[in-house]
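A quick write-up on the structure given underneath.
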Amino acid sequence: MQQMTLNPRIVEIRQNVLKKNDLLARELRKRFRETGVYVVNLVSSPGAGKTTLLTEMLTRLGERYGVAALVGDLATENDAERLRQSGAKVRQITTGTVCHLEADMIERSLEGWNLEDIDFLFIENVGNLVCPASYDLGENQRVVLFSVTEGEDKPVKYPTIVNSADVAVITKIDLAEAVGFQRDRFNEALNEVRPGIPILEVSVRTGEGIDEWISRLEAAKEAFEKTVGSS
Amino acid sequence: MHELSIAHSLVEIAVETAENARMKRVKALYLKLGALSGVVKEALEFSFDVVIQGTPLEGARLVIEDVPVKVFCPDCQEAHKLPEPFPMRCPVCGTRTGQVLEGRELELYSLEGGEGDAADDAKPPNC
Ligand SMILES: [Zn+2]
């Protein structure tokens, strides 16, 4: 039996380590599709203005659509409280020590909600530009947010999350001049890591770019409904 | 640090596979890690060593194969490996391209184990 130890057995696996998450995300995506829920996953650093923009989106879209939000946070309920004032269905996902959201957290948080009543579901990921990149949450689009105060090299510092995003939204654009925001350099940096990524500039304070952003979401939802209808 | 969650998943898959294959002892896990996987290699190695304590994988090695980014260049009409994951430009003609063919892998592709129980491995070769 000695040669067996010299000939160690190899078992082929070829399995994605995040298979469980990805399978669950696929199931969620199917459920969202069947019930007509358009899902947007928002990722950013802490302080990029995610909650402020989300409040605005929930308020505006809430006038015409069923809107809901899941808010990932390490500990507090503060963000959810702020968001509830918009009148939307809001749930907090307290992750404890986990620095990102996973598909099973989304699934658990949907319990008791009638998805048929929801047109838009926003997922506010934990404020972190590294970890959320690896996890599919069953979303239709992943939006990466940066504020003008973060510096032009931010996309290059966190390339993986930018590369996994579908859209980039630049927030607090009203402060651009004050902080010397170099638009061209920022857009260039985004394109180095995610060639062709659509870039939108918004300011919740002045309202700049918000109409355009909302219309974009509505158009995406409309296109999504067509694919649902044709399936 | 999501590498800890990933290390847990890795160990879970490996333990299950080893049991199904009746592999009593796992010597090594072979993992393909893409440059765009969003996983920091050192953090994963550290997490792995912590997570395997007290599991059937205790003492196993994690062997990581780095997978570079491979993109399709619309100008050259060819696939090219990038020397660095970013910038996303064709290394031959410099055209920007976001068509990623490889580099997102986070794949456990094989386990290496001893045939018999641990005692077999401890015996010196019979010469
Ligand atoms: Zn080329």
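Chains as they are written, first to last, in our numbering: chain A, 185 to 415; chain B, 20 to 146.
All residues carry an ideal CB built from backbone N, CA and C; glycine is no exception.
Tell me, please, whether the CB atom of residue i is closer than 7 Å to any CB atom in chain A?
i	result
Ala40 (chain B)	yes
Glu121 (chain B)	no
Pro106 (chain B)	yes
Thr114 (chain B)	no
His21 (chain B)	yes
Leu55 (chain B)	yes
Leu52 (chain B)	no
Leu101 (chain B)	no
Ser28 (chain B)	yes
Glu35 (chain B)	no
Glu64 (chain B)	no
Glu131 (chain B)	yes
Glu61 (chain B)	no
Asp136 (chain B)	Low confidence applies to Asp136 (chain B): its pLDDT is 48, below 50, so where it sits in the model is not reliable enough to give any reading.
Quick one: does the C-beta of residue i sit closer than 6 Å to a heavy atom of ligand 1?
i	result
Val111 (chain B)	yes
Asp94 (chain B)	yes
Thr114 (chain B)	yes
Verify whether the separation of the beta carbon atoms of residue i and residue j is less than 7 Å.
i	j	result
Glu97 (chain B)	Lys51 (chain B)	no
Val86 (chain B)	Ala47 (chain B)	no
Thr344 (chain A)	Gly132 (chain B)	no
Pro93 (chain B)	Leu101 (chain B)	no
Leu329 (chain A)	Ser228 (chain A)	yes
Leu313 (chain A)	Tyr342 (chain A)	yes
Tyr128 (chain B)	Arg198 (chain A)	yes
Thr411 (chain A)	Glu300 (chain A)	no
Leu130 (chain B)	Val45 (chain B)	yes
Ile302 (chain A)	Gly335 (chain A)	no
Ile394 (chain A)	Ala352 (chain A)	no
Phe216 (chain A)	Ala253 (chain A)	no
Val377 (chain A)	Phe105 (chain B)	yes
Arg115 (chain B)	Arg123 (chain B)	no
Closer than 7 Å, CB to CB, is residue i near chain B or not?
i	result
Gln199 (chain A)	yes
Ser318 (chain A)	yes
Pro230 (chain A)	no
Pro339 (chain A)	no
Val195 (chain A)	yes
Thr344 (chain A)	yes
To which residues of the same chain is residue i closer than 6 Å at the C-beta, ignoring the five residues directly before and after it?
i	result
Val255 (chain A)	Asp263, Ala264, Gln276 and Glu308
Thr333 (chain A)	Val363
Tyr222 (chain A)	Phe304, Asn324, Lys405 and Phe408
Asp136 (chain B)	Because Asp136 (chain B) sits at a pLDDT of 48, beneath the cut-off of 50, its placement in the model cannot be relied upon, and the point is left open.
Val370 (chain A)	Position check: residue 370 (chain A) holds Phe in this sequence, whereas Val was assumed. Once the five neighbours on either side are set aside, the close Cβ partners of Phe370 (chain A) are Glu336.
Phe91 (chain B)	Ala98, Gln118 and Leu120
Please work out which residues of its chain come closer than 7 Å, Cβ to Cβ, to residue i, disregarding the five sequence neighbours upstream and downstream, and give them in chain order.
i	result
Glu396 (chain A)	Leu384
Thr239 (chain A)	Arg266, Leu267 and Ser270
Ala209 (chain A)	Ala287, Asp320, Leu321 and Gly322
Lys60 (chain B)	Leu52 and Ile83
His284 (chain A)	Asn309, Val310, Asn312, Cys315, Pro316 and Tyr319
Ala62 (chain B)	Met20 and Glu22
Val34 (chain B)	Thr74, Pro75 and Leu76
Ala272 (chain A)	Leu242, Gly246, Val251, Ala252 and Ala253
Under 6 Å from any heavy atom of ligand 2, does the C-beta of residue i make it?
i	result
Lys405 (chain A)	For ligand 2, the structure offers nothing, since it holds only ligand 1.
Could you name the residues of the same chain whose beta carbon sits closer than 8 Å to that of residue i, not counting the 5 residues immediately before and after it, in chain order?
i	result
Lys233 (chain A)	Correcting the residue type first, residue 233 (chain A) is Gly in the shown sequence and not Lys. Same-chain partners within the cutoff: Leu329, Ser331, Thr355, Lys356 and Val388.
Val30 (chain B)	Phe67, Val70, Ile71, Thr74 and Leu76
Phe65 (chain B)	Glu22
Inset, instruction - Note down, in chain order, all residues in the region 367-387 of chain A with a beta-carbon under 7 Å from any beta-carbon belonging to chain B. - result: Shown in chain order are the members of the region 367-387 of chain A whose Cβ falls below 7 Å from a Cβ of chain B: Asn375, Glu376, Val377, Arg378, Pro379 and Gly380.
Legend entry - Residues within the region 68-98 of chain B neighbouring chain A, beta-carbon criterion of under 9 Å: Cβ contacts with chain A come from no residue of the region 68-98 of chain B.
Inset, instruction - For the region 347-359 of chain A, enumerate the residues whose C-beta is nearer than 9 Å to any C-beta of chain B, in chain order. - result: Flagged, chain order: Asn347 and Ser348.
Legend entry - Residues within the region 257-290 of chain A neighbouring chain B, beta-carbon criterion of under 8 Å: Result list: Val282, Cys283, His284 and Glu286.
Legend entry - Selection of the region 205-237 of chain A by Cβ proximity to chain B, strictly under 9 Å: Those would be Asn205, in chain order.
Legend entry - Interfacial residues, the region 399-414 of chain A to chain B, with Cβ spacing under 7 Å: Cβ contacts with chain B: none found.
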